[in-house]
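Q: Encoded as structure tokens, here's the structure I'll be asking about.
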Amino acid sequence: MAVTEPAAATAAPAFLTAIKTHLIGLPDQIAALEDKVYEAGLKVEVAKANLKGCDVGMIMAIENDVDPATGKARFGNEAKRSCELVTRRAASTTYLAYEKGVADAELAFSKAKIELNRLVNTFSGQRHLADLFAGYLKRSA
């Protein structure tokens, strides 16, 4: 069933009011999500710094590890140090927890960015829809 001109004209104010009401609240929602994205980004940086600190501590311990029998470095070349670092990372519950913290923080950051983009796109789409409908009403009047 086709909508007649008078029916469209009476439905227009209610439709525009609903869009206007929703559009008015979106900038505040977008600002709140921008804050959420910023805070999530900071959490990623902190998590990465914690992981790096743990890593540096293990590297220093490996470099300073001395064989008591010989008095020489236990891990004398880069290949041995790299292998030992991999072994220690795998055995360290602290390192693994920091690694999981980085992954969790990055996931939360990505989700926050997606949520923000979705809301910005919704705002843009509804704004354009309102503009189109307002233009239609001006031409109809």
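To convert, note that position 59 of the sequence shown is 69 in this note's numbering; the numbers rise steadily by one, no gaps. We put the CB at the ideal spot given by N, CA and C, even for glycine.
(1) Quick check on the burial criterion: 16 or more other C-beta atoms within 10 angstroms. Buried or exposed for Y48?
(2) At what residues does the alpha helix (DSSP H) containing K90 begin and finish?
(3) Answer yes or no: do V54 and A115 have a C-beta to C-beta separation smaller than 8 Å?
(4) In whole angstroms, what separates the C-alpha of L129 from that of K110?
(5) Hey, would you say R91 sits closer than 8 Å to M68, going by beta carbons?
(6) Given that a residue counts as buried once 16 or more other Cβ atoms are within 10 Å of its Cβ, and exposed if not, what is Y105?
(7) Less than 8 Å between the CB atoms is what I'm expecting for A122 and K46, so what's the real figure, rounded?
(8) Please confirm whether G35 and F119 have their CB atoms less than 8 Å apart.
(9) Answer with buried or exposed for L117, where buried requires no fewer than 16 other C-beta atoms within 10 angstroms of its C-beta.
(10) Report the three-state DSSP secondary structure of A83 (helix, strand or coil).
(11) In chain order, what residues of the same chain have a beta carbon less than 8 Å from the beta carbon of A144, not counting five sequence neighbours either side?
(12) How many Å lie between E44 and P37 at the Cα?
A: So, from the listed chains and residues:
(1) One-based indexing of the sequence shown puts residue 48 at position 38. With fewer than 16 other Cβ atoms within 10 Å, it is exposed.
(2) Within the sequence shown, numbered from 1, the residue matching residue 90 stands at position 80. Taken as a continuous stretch (DSSP letters only), the alpha helix (DSSP H) holding K90 covers 88-101.
(3) For the purposes of this step, residue 54 is taken as residue 44 along the sequence shown, with counting starting at 1. For the purposes of this step, residue 115 is taken as residue 105 along the sequence shown, with counting starting at 1. The answer is yes: Cβ separation under 8 Å.
(4) Numbered from 1 along the sequence shown, position 119 holds the residue referred to as residue 129. Numbered from 1 along the sequence shown, position 100 holds the residue referred to as residue 110. Looking at the two C-alpha atoms, the distance is approximately 29 Å.
(5) Start at 1 with the first residue of the sequence shown, and residue 91 comes out as number 81. Start at 1 with the first residue of the sequence shown, and residue 68 comes out as number 58. Contact: no.
(6) Translated into positions along the sequence shown, residue 105 becomes position 95. Per the 10 Å Cβ criterion, buried.
(7) In the sequence shown, the residue the question calls residue 122 occupies position 112. In the sequence shown, the residue the question calls residue 46 occupies position 36. Taking 8 Å as the upper bound for CB-CB distance, A122 and K46 are in contact here, some 5 Å apart.
(8) As a first step, residue 35 is located in the sequence shown; it is residue number 25 there, counting from the start. As a first step, residue 119 is located in the sequence shown; it is residue number 109 there, counting from the start. Contact flag unset, no.
(9) As a first step, residue 117 must be located in the sequence shown, where it is residue number 107. An exposed status is given to L117, since fewer than 16 other beta-carbon atoms sit within 10 Å of its beta-carbon.
(10) Position 73 of the sequence shown, counted from the start, is the residue given in the question as residue 83. It is a strand residue.
(11) Residue 144 sits at position 134 when you count from the first residue of the sequence shown. L26, listed in sequence order.
(12) What you label residue 44 is simply residue 34 of the sequence shown in a count that begins at 1. What you label residue 37 is simply residue 27 of the sequence shown in a count that begins at 1. If I take the Cα positions, the gap works out to 10 Å.
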